[in-house]
Each structure stands twice: as C-alpha cells, then as structure tokens.
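Once you know that position 47 of the sequence shown is 35 in this note's numbering, the rest is easy, because the numbers rise by one and skip nothing. Notes for the one structure printed next.
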Amino acid sequence: MRNKGKHESIVDLLEEKLSKKPYYDDVKSYVEYKEKVKYKSYAGEVDVLAFRKDTNTYYFFEVKCNYGKGRYGKALSQYNRYCKAYPKRKVVGIFVSDGVLMQLKKGGGQVNLAELVRNKTETISLLQESLNIALNFPKE
C-alpha cells in the first residue's frame, strides 16, 4: 500500500474537519460528476463538496498543493465547469492552497472573502478552518 501524497492528505483532512461541522448535511471528497446540459457534456471531479440543506447551497473546495496564477486558473476552470453542469444549483467555490484561501467566482476574477463571510458565523468558522489547513500544509 503506497503512502498518501500531499494533495490526498490535505483533501482527507479538509473532509474530516468539515464533516464535524453541525451545519453541513453532507460532506464528500473526490466527487465525480458527468452531466449533459443543452447538448453539451460536462465532467470532472470535485476535491471536497459540502452541502447545507438549510440554505440549499453547495460548497465546492478545490485544493492545490502549490499556489500560483496557473493553479488558481485551473481551479477556477474546474469550478466554472461544475457550475455549468449544475446551472440551477447555488454553488460557492473556495480555492485552498499553500497559505492562500480565495473564493472562486463564476466567470473569473477573485472575491474578497470578507464579503463572503459578512454576518455569517458558520461561514467564518468554515473559512477559518480551511485557512488553518492551508497555512499548515505538510511540507514535503
């Protein structure tokens, strides 16, 4: 049995931490999807997908071990593809990387996380947990 890589370890830790939060009804890692929307097919994998029934919101987490514009762009592309596969879902995208935490925005660009967490205690807690994980990435 081979050892888990850095990415797998971080995804597993994020799933474990989010699963303990009482406001998530479902948290899964490595969620594969394949959907056809208006004659176009969209397929991919989400590192961690959390769902809140009370707000009917999905939280899409994309983990990249090393931060860079290219990695952020790849995460943004993955997020946009997921949103196109499920156009009726309310989806919040979050990019987690080595010491960096950003919200992914449909169509591109970055969003100040202060806007995302304003007056939302649970979301603040979630983002703090995600940032703690991002800041404490295991060093290879």
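Glycine is no exception: its CB is placed at the ideal position from the N, C-alpha and C atoms. None of the values given here were measured: they were computed from a predicted structure.
Buried or exposed by the 16-neighbour rule on C-beta atoms within 10 Å, applied to residue i
i     : result
Arg77 : exposed
Val25 : exposed
Ser85 : buried
Glu50 : buried
Ala73 : buried
Ala31 : exposed
Bounding residues of the beta strand (DSSP E) (the contiguous stretch that carries residue i)
i     : result
Arg40 : 28 to 40
Check whether residue i and residue j have beta carbons under 8 Å apart
i       : j     : result
Lys(-6) : Cys53 : yes
Ile82   : Phe48 : yes
Tyr55   : Leu92 : no
Val15   : Leu6  : yes
Val80   : Thr45 : yes
Nonlocal neighbours in the same chain, by C-beta distance under 8 Å from residue i, ignoring five residues either side
i     : result
Ser29 : Lys22, Glu23
Cβ shell of residue i (< 6 Å), same chain only, five flanking positions each side left out
i     : result
Val19 : Val34, Leu37
Arg59 : Lys52
Where the alpha helix (DSSP H) through residue i begins and ends
i      : result
Tyr67  : 57 to 73
Lys135 : There is simply no residue 135 to check, as the chain begins at -11 and stops at 128 in what is shown.
Close-in-space but distant-in-sequence residues of the same chain around residue i (CB under 7 Å, 5 per side omitted)
i      : result
Asp13  : Phe39, Arg40, Lys41
Ser129 : Here the chain comprises residues numbered -11 to 128, so residue 129 is not present and cannot be evaluated.
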